[in-house]
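Colleague: Per the working numbering, residue 9 is the first one in the sequence shown, and the count goes up by one each step.
First the structure, then my questions, so here it is.
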Amino acid sequence: MGFSEQQLRALPKLELHIHLEGTFDLDTMCRLAEKNGVPLPRPREALISFSGLSEFLDLLDWICSLAREKKDARELAYHFAEYAREQGIVYAEVMVNPSHWKNLAVGDVVSGILEGFDQAGADGLPDCRLLVSLRREQSAASAERTVEWVFSHPHSRLLGLSADGNEALAKDSNRHLAPFFAKAREAGLGVTVHAGESSGPEGVAAALDCGGAQRIDHGVRAVEDGALLERLQKDRVPLNVCFTSNVVGGLYSAETHPLKRLYDKGLLVTVGTDDPMLLNNTLCQELSKVAGQYDWTMEDLVRLQYNAIQAAFCTEEEKDRLREQLRLFEASL
Ligand code: ADE
Ligand code: ZN
């Protein structure tokens, strides 16, 4: 059974796996390129093209290099909050990786986004929080500059650190990021780490054992290791899974994707979109797709939202309010 767009929008949703870099739309890219006199590397229709994770991350470098003023980051953040409202997203934790934004200082990127989210909140748009991400291939000195900025600029919407990028190109990155993550956790910040996408199950175990991750972005290749699955299930480690992103990235086909196996095993799974505008996707479309693939009911989609509330880095009082919204939705079914 399928769901209508309206039914999916009405479900109060959380988005925990999304990169602001992946929310630039084609119009914004072309407008910024023109404003800054940057030639398009390909015709507009073919601008968003890539094959594999490395090319995708290079594309993010190019797109983010178009942002030249703090205002660009602020507007993009506000635009994301408008998208969140259209989708019926009530709470989002958005990652931003300043290493992609080569023409803006870390402070301008992060404070610009926080200003955009603050303005959105004041205008009644959904509650958007920020996680500052370190790229696995990034040098220690550059990662240090980013975390120093974060630690010296606390903000109620800035909830934690994350790691993304290509693990296959930076095999020792958990060890190299560990001191930053330890410090973040001491400061009461959350830590979420991409693993089990460009690494196998050993990358997920390393993110937990060495990297100090509290939750895992992707994590899907954990399915290859039964003992690790038991551990993730027992310890209630959230896995923020992105079905379309993995299929487009060539990790699995829709038929072989392990989302249902992870869910059926009782893992704390959430569903996110990763880079929706670049993958021509939305959260409602993502939920429609996985529900269609697995014959999931609205109860399953609600359960994914309860999982996301448990996985979120906000306070217990904020989580209680989100649970109340979901309960009201359930009562309306
Ligand atoms: N940055 C944006 N999307 C990403 C992904 N899927 N994997 C790693 N880093 C990313
Ligand atoms: Zn991601």
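Don't be surprised by glycine CBs; every beta carbon is placed ideally from N, CA and C.
What you are looking at is a predicted structure, and each value in this text was computed from that prediction instead of being measured.
1) Quick check on the DSSP output: the beta strand (DSSP E) that includes Y99 runs from which residue to which?
2) Per DSSP, what kind of secondary structure is E23 in: helix, strand or coil?
3) Going along the chain, which residues of its own chain have a beta-carbon closer than 7 Å to the beta-carbon of C250, five neighbours each way excluded?
4) What does the alpha-carbon distance come out to for the pair S57 and M103?
5) Hey, which residues come within less than 6 Å of the ligand ZN, measuring from Cβ to any heavy atom, in chain order?
6) From L240 to L275, what does the alpha carbon distance come to, in whole angstroms?
7) From V117, V255 and S164, pick the residue whose C-alpha is nearest to that of F321; which is it?
8) Can N248 be considered in contact with the ligand ADE, in the sense that its beta carbon sits closer than 8 Å to one or more heavy atoms?
9) How would you write the range of the alpha helix (DSSP H) that N182 sits in, first residue to last?
10) Apart from the five residues just before and just after G173, which ones in its own chain have a Cβ nearer than 6 Å to its Cβ?
11) Determine the DSSP secondary structure at I56, reduced to helix, strand or coil.
12) Taking only runs of the alpha helix (DSSP H) that begin and end inside the stretch 250-282, which ones reach a length of at least 4 residues, in chain order?
13) Does DSSP put T154 in a helix, a strand or coil?
14) Can you give the Cα-Cα distance for D35 and G234, rounded to whole angstroms?
15) Is F251 near the ligand ADE - that is, is its Cβ less than 8 Å away from at least one heavy atom of it?
16) Among D303, G258, L259 and L291, which has the Cα closest to the Cα of Y271?
17) From T264 to E90, what distance separates their C-alpha atoms?
18) Let me check understanding here. Comparing Cα to Cα, which of P284, E232, E238 and L74 lies closest to K43?
19) CB C136 to CB A192, shorter than 9 Å?
20) For S181, count the other beta carbons within 10 Å of its own beta carbon; 16 or more makes it buried, fewer makes it exposed. Which is it?
Modeller: The structure says:
1) I97 to V104
2) strand
3) H25, H226, G280, T281 and D282
4) 22 Å
5) H25, H27, D172, H202, D225 and D282
6) 7 Å
7) S164
8) no
9) S181 to E194
10) R143, R144 and E145
11) coil
12) 251-256 and 267-272
13) helix
14) 45 Å
15) no
16) D303
17) 34 Å
18) L74
19) no
20) buried
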